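Just so you know, we're using full-length UniProt numbering here: the sequence shown kicks off at 1 and counts up by one. Cβ coordinates follow ideal geometry from the N, Cα and C atoms, glycine included. Predicted model only: the values in this text are computed from it and were never measured. See structure below.
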Amino acid sequence: MASDYQHRSLLTVREREIFHLLVSDHSTKQISEKLSISEKTVRNHISNTIQKLGVSGRSQAIIELLRLGELSLD
């Protein structure tokens, strides 16, 4: 069956892109340049994700996203 289990991501596509770049050691400035968005927009996406997860910072967000299988270190 095709619909045995469909995983609905906690993250938006953009949030996923940003966190993937964060774990790939990109700075907020580098992410903004790479995605052609402002640094404030990058920070807003990070902040939104932190709020969704109920954690207190980027590092905890990354750990939680890894634990949930929302992010990988590949």
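Give me the residue from the options with the minimum Cα distance to residue i.
{"i": "Leu-11", "options": "Asp-74, Leu-73 and Glu-64", "result": "Glu-64"}
{"i": "His-26", "options": "Leu-68, Arg-58, Glu-70 and Gly-69", "result": "Arg-58"}
{"i": "Thr-41", "options": "Ile-18, Glu-70 and Ser-9", "result": "Ile-18"}
{"i": "Lys-43", "options": "Ile-31, Arg-8 and Gly-54", "result": "The amino acid occupying residue 43 in the given sequence is Arg; Lys does not appear at that position. The shortest Cα separation from Arg-43 among Ile-31, Arg-8 and Gly-54 belongs to Ile-31."}
{"i": "Asn-48", "options": "Ser-9, Arg-8 and Glu-15", "result": "Glu-15"}
Classify residue i as helix, strand or coil using the three-state DSSP reduction.
{"i": "Leu-10", "result": "coil"}
{"i": "Asp-4", "result": "In this predicted model, Asp-4 has a pLDDT of only 44, less than 50, meaning its place in the structure is not dependable; the value taken from the coordinates is given anyway. Three-state result, Asp-4: coil."}
Please report the Cβ distance between residue i and residue j, rounded to the nearest whole angstrom; I am assuming they are in contact, meaning their Cβ atoms lie under 8 angstroms.
{"i": "Leu-21", "j": "Lys-34", "result": "7 angstroms"}
{"i": "Ile-62", "j": "Leu-71", "result": "7 angstroms"}
{"i": "Leu-73", "j": "Val-23", "result": "6 angstroms"}
Checklist line | Every unbroken beta strand (DSSP E) inside the UniProt domain "HTH luxR-type" (4 to 69) [3 residues or more] | finding: none
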